[in-house]
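2 protein chains.
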Amino acid sequence: MINELEKIKDSVLLQDIKVEELSSMLGCLRGVIKHYKKGEEVLSQGAEIKQFGLLIEGKLQVVQYDHFGNKSILSIIEPNQIFAEAYAYVNKLPSMNVEALVDSTVLFLDSDKLSSPCQNCCSFHKQLVKNLLFIISNKNVNLTEKIECMAKRTTKEKLLTFLSLESIKQNSKEFYIQYDRQALADYLGVERSAMSAELSKLKNEGMLEYNKNWFKLLQK
Amino acid sequence: MINELEKIKDSVLLQDIKVEELSSMLGCLRGVIKHYKKGEEVLSQGAEIKQFGLLIEGKLQVVQYDHFGNKSILSIIEPNQIFAEAYAYVNKLPSMNVEALVDSTVLFLDSDKLSSPCQNCCSFHKQLVKNLLFIISNKNVNLTEKIECMAKRTTKEKLLTFLSLESIKQNSKEFYIQYDRQALADYLGVERSAMSAELSKLKNEGMLEYNKNWFKLLQK
DNA sequence: AAAAGTATGTTGGAAAAACAACGGATTATA
DNA sequence: TATAATCCGTTGTTTTTCCAACATACTTTT
Numbered sequence: 028m029i030n031e032l033e034k035i036k037d038s039v040l041l042q043d044i045k046v047e048e049l050s051s052m053l054g055c056l057r058g059v060i061k062h063y064k065k066g067e068e069v070l071s072q073g074a075e076i077k078q079f080g081l082l083i084e085g086k087l088q089v090v091q092y093d094h095f096g097n098k099s100i101l102s103i104i105e106p107n108q109i110f111a112e113a114y115a116y117v118n119k120l121p122s123m124n125v126e127a128l129v130d131s132t133v134l135f136l137d138s139d140k141l142s143s144p145c146q147n148c149c150s151f152h153k154q155l156v157k158n159l160l161f162i163i164s165n166k167n168v169n170l171t172e173k174i175e176c177m178a179k180r181t182t183k184e185k186l187l188t189f190l191s192l193e194s195i196k197q198n199s200k201e202f203y204i205q206y207d208r209q210a211l212a213d214y215l216g217v218e219r220s221a222m223s224a225e226l227s228k229l230k231n232e233g234m235l236e237y238n239k240n241w242f243k244l245l246q247k
Numbered sequence: 028m029i030n031e032l033e034k035i036k037d038s039v040l041l042q043d044i045k046v047e048e049l050s051s052m053l054g055c056l057r058g059v060i061k062h063y064k065k066g067e068e069v070l071s072q073g074a075e076i077k078q079f080g081l082l083i084e085g086k087l088q089v090v091q092y093d094h095f096g097n098k099s100i101l102s103i104i105e106p107n108q109i110f111a112e113a114y115a116y117v118n119k120l121p122s123m124n125v126e127a128l129v130d131s132t133v134l135f136l137d138s139d140k141l142s143s144p145c146q147n148c149c150s151f152h153k154q155l156v157k158n159l160l161f162i163i164s165n166k167n168v169n170l171t172e173k174i175e176c177m178a179k180r181t182t183k184e185k186l187l188t189f190l191s192l193e194s195i196k197q198n199s200k201e202f203y204i205q206y207d208r209q210a211l212a213d214y215l216g217v218e219r220s221a222m223s224a225e226l227s228k229l230k231n232e233g234m235l236e237y238n239k240n241w242f243k244l245l246q247k
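For the record, the sequence lines run as chains B and V. So the numbering used here is basically just the index in the first sequence, starting at one, shifted up by 27. So the numbering used here is basically just the index in the second sequence, starting at one, shifted up by 27.
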């Protein structure tokens, strides 16, 4: 147990919480550690979620099966990341499954206990709530930005929206992006080669310059 | 002041908090009420946000100006809704503006104070945190579902993903949807008429039946 | 330095979506 | 009830994207 806590003490969720406090936290939040074999189901579509998970070791994938049985992978969970936290706080039943890609170890924490601190109002409770709010808010901001880009009708507009956002966030007309071409295309929900072609066009039209991951937005 | 609290006591944020507690809460969370004239800026792009807002009266719009000055409306805020809560909990600077569409009254609450309850651990603090986690998690789930739909390449796939999700959520192959055709097209980020045509095709192919807001998914 | 692998750009034809315009049906309003 | 307004489906044309295949440049490995 101690060994396992050592592995996750640097996760965002446990940021600024003392290692000594971690084990008392486990009791307070009804912490349960579970092990899964490769291929096992960690959470199932439609099953009520009262706890959220923190992956200690292994790798998980969040998948969705639609009405016709088609499978689509929504995200990959790496160690130190939390998952199902949003569903733990709403009444809705999850519409996706979580499966273990390799043998994995998960710490489940009681979402109710986390938001209703115990009588003594332990200091780590405050910090946990802060951290959780940060994590969820952060996801929220990122999801919103992605939607802003994807909502545009053409690849050109999607690209410009994305680049404009980067420019604003990095507070400069010149900036580096974190994605390679394929990842950027996936992020925007378009075809890589078509996106490359669109980037060339924009360069020819004098709207931007770029080289690999470096971009510069120009006046029209 | 009392009058204003009366107006927002039914908001999700203040759910299950006693009216008597509201004014003590205001002190604790450094609550500030501000008034805006139509057209005034409530929050500005790039300006640090330490507080989030709860709209008491009026109507606001969240807008984004890109690098080329194009304006796009991200959302409309109605009374009792909160806004900027995600940005208040992350370090990122907001990339959007909030403007008053009509004369409006806003209650600002200190995000830091909310997540770090005071010494006496007042009961409303717990409830507020719970409510806020619910609101943000809910948004998160909704945003994720929207992205699932929008990420599909064709209008047909977007429709089927949306309808599958509805079917799962309503736990039935038959269900009613909340959007009219134009709203659904906007939600999915596609053209209304093209979407209508696609619906017809799916009906002809025997994949679904529908009439107005009623839909039924069929086996392939 | 050669070879293999990876990332990016280019192109042409097929497929899909956008767009515009219209007609019928339903709903709201005078 | 007449009229206007809104919603929805249809169609033909234009525009854009997808897709597959290939060329080039850069990176990593041996």
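Quick reminder that beta carbons are idealized off the backbone N, C-alpha and C, glycines included.
Spatial distance of residue i from residue j (CA atoms)
i	j	result
isoleucine 83(V)	serine 164(V)	22 Å
asparagine 158(V)	arginine 219(B)	41 Å
aspartate 93(V)	serine 102(V)	16 Å
lysine 239(B)	glutamate 232(B)	18 Å
leucine 215(V)	methionine 52(B)	42 Å
glycine 85(B)	leucine 32(B)	15 Å
valine 89(V)	aspartate 137(V)	20 Å
lysine 36(B)	isoleucine 60(B)	15 Å
lysine 278(V)	lysine 228(B)	For chain V, the structure presents residues 28 to 247; residue 278(V) sits outside this window and is missing.
aspartate 43(B)	valine 69(V)	33 Å
valine 168(B)	alanine 178(B)	15 Å
histidine 62(B)	alanine 111(B)	17 Å
lysine 64(V)	proline 106(V)	15 Å
leucine 245(B)	leucine 170(B)	27 Å
Amino acids of chain V, ordered along the chain, whose beta-carbon sits closer than 9 Å to that of residue i
i	result
valine 69(B)	Correct list: empty, because the minimum Cβ distance to chain V is about 18 Å.
serine 131(B)	The premise fails here: serine 131(B) is roughly 22 Å from chain V at the closest Cβ pair, so nothing lies under 9 Å.
Where residue i meets chain B, residues with beta-carbon distance less than 7 Å
i	result
serine 122(V)	Leu192, Ile195 and Lys196
valine 117(V)	Phe161, Ser164, Asn165 and Val168
Residue burial classification, residue i (beta-carbon count within 10 angstroms, cutoff 16)
i	result
glutamine 205(B)	exposed
isoleucine 109(B)	buried
isoleucine 100(B)	exposed
serine 191(B)	buried
alanine 212(V)	buried
tyrosine 203(V)	exposed
glutamine 19(B)	Nothing can be reported for residue 19(B): it is not among the residues displayed for chain B, which extend from 28 to 247.
alanine 74(V)	exposed
phenylalanine 19(V)	Examination of residue 19(V) is not possible in this model, given that chain V is present from 28 through 247 alone.
glutamate 67(V)	exposed
threonine 181(B)	exposed
Residue range of the unbroken beta strand (DSSP E) whose run includes residue i
i	result
serine 131(B)	131-137
serine 99(B)	98-104
glutamate 67(V)	Taken as a continuous stretch (DSSP letters only), glutamate 67(V) belongs to no beta strand (DSSP E), as it is neither H nor E.
alanine 127(B)	124-127
lysine 243(V)	241-244
asparagine 118(V)	Per DSSP, asparagine 118(V) belongs to no beta strand (DSSP E) and is neither H nor E.
leucine 238(V)	Reading off the sequence shown, one finds asparagine at residue 238(V), where the question assumed leucine. Note, asparagine 238(V): beta strand (DSSP E), 235-238.
glutamate 201(V)	201-203
Under 8 Å by beta carbon: chain B residues contacting residue i
i	result
glutamate 175(V)	Gln91, Ser99 and Leu101
tyrosine 114(V)	Ser164 and Val168
alanine 178(V)	Met177 and Gly216
leucine 244(V)	His94
Closer than 9 Å at the beta carbon, the chain B residues around residue i
i	result
alanine 221(V)	Ordered by position in chain B, no residue passes the 9 Å Cβ test against alanine 221(V), which lies about 11 Å from the chain.
Host alpha helix (DSSP H) of residue i (start-end)
i	result
glutamine 10(V)	Only positions 28 to 247 of chain V appear in the structure, and residue 10(V) is not among them; the question remains open.
tyrosine 114(V)	112-115
leucine 40(V)	Here leucine 40(V) belongs to no alpha helix (DSSP H), and DSSP marks it neither H nor E.
isoleucine 24(B)	Given that chain B is displayed from residue 28 to residue 247, the structure contains no residue 24(B) and the question cannot be resolved.
glutamate 48(V)	46-55
leucine 186(B)	182-196
leucine 87(V)	Premise fails: leucine 87(V) lies in the beta strand (DSSP E), 87-92, not in any alpha helix (DSSP H).
alanine 178(V)	It is not in any alpha helix (DSSP H) - alanine 178(V) carries neither H nor E in the DSSP assignment.
alanine 224(V)	219-231
Cβ distance (whole Å) where residue i is taken to contact residue j below 8 Å
i	j	result
lysine 140(B)	arginine 57(B)	6 Å
glutamate 175(V)	threonine 188(V)	6 Å
isoleucine 162(V)	alanine 115(V)	Not confirmed; about 12 Å, so no contact.
leucine 87(B)	glutamate 47(B)	At roughly 29 Å, the Cβ-Cβ gap does not stay under 8 Å, so leucine 87(B) and glutamate 47(B) are not in contact.
leucine 81(V)	serine 38(V)	6 Å
glutamate 236(B)	leucine 186(B)	With 8 Å as the limit, glutamate 236(B) and leucine 186(B) do not qualify as a contact, their Cβ atoms being about 14 Å apart.
glutamine 72(V)	serine 122(V)	6 Å
Closer than 7 Å at the beta carbon, the chain V residues around residue i
i	result
alanine 210(B)	By Cβ distance, chain V contributes nothing, its closest Cβ being about 14 Å from alanine 210(B), past 7 Å.
Contacts of residue i in chain V (Cβ-Cβ under 8 Å)
i	result
serine 142(B)	Lys153, Val156, Lys157 and Leu160
threonine 171(B)	Leu101, Ala113 and Leu170
glycine 233(B)	Those within 8 Å of glycine 233(B) in chain V number zero; the least Cβ separation is about 13 Å.
leucine 187(B)	Asp93, His94 and Phe95
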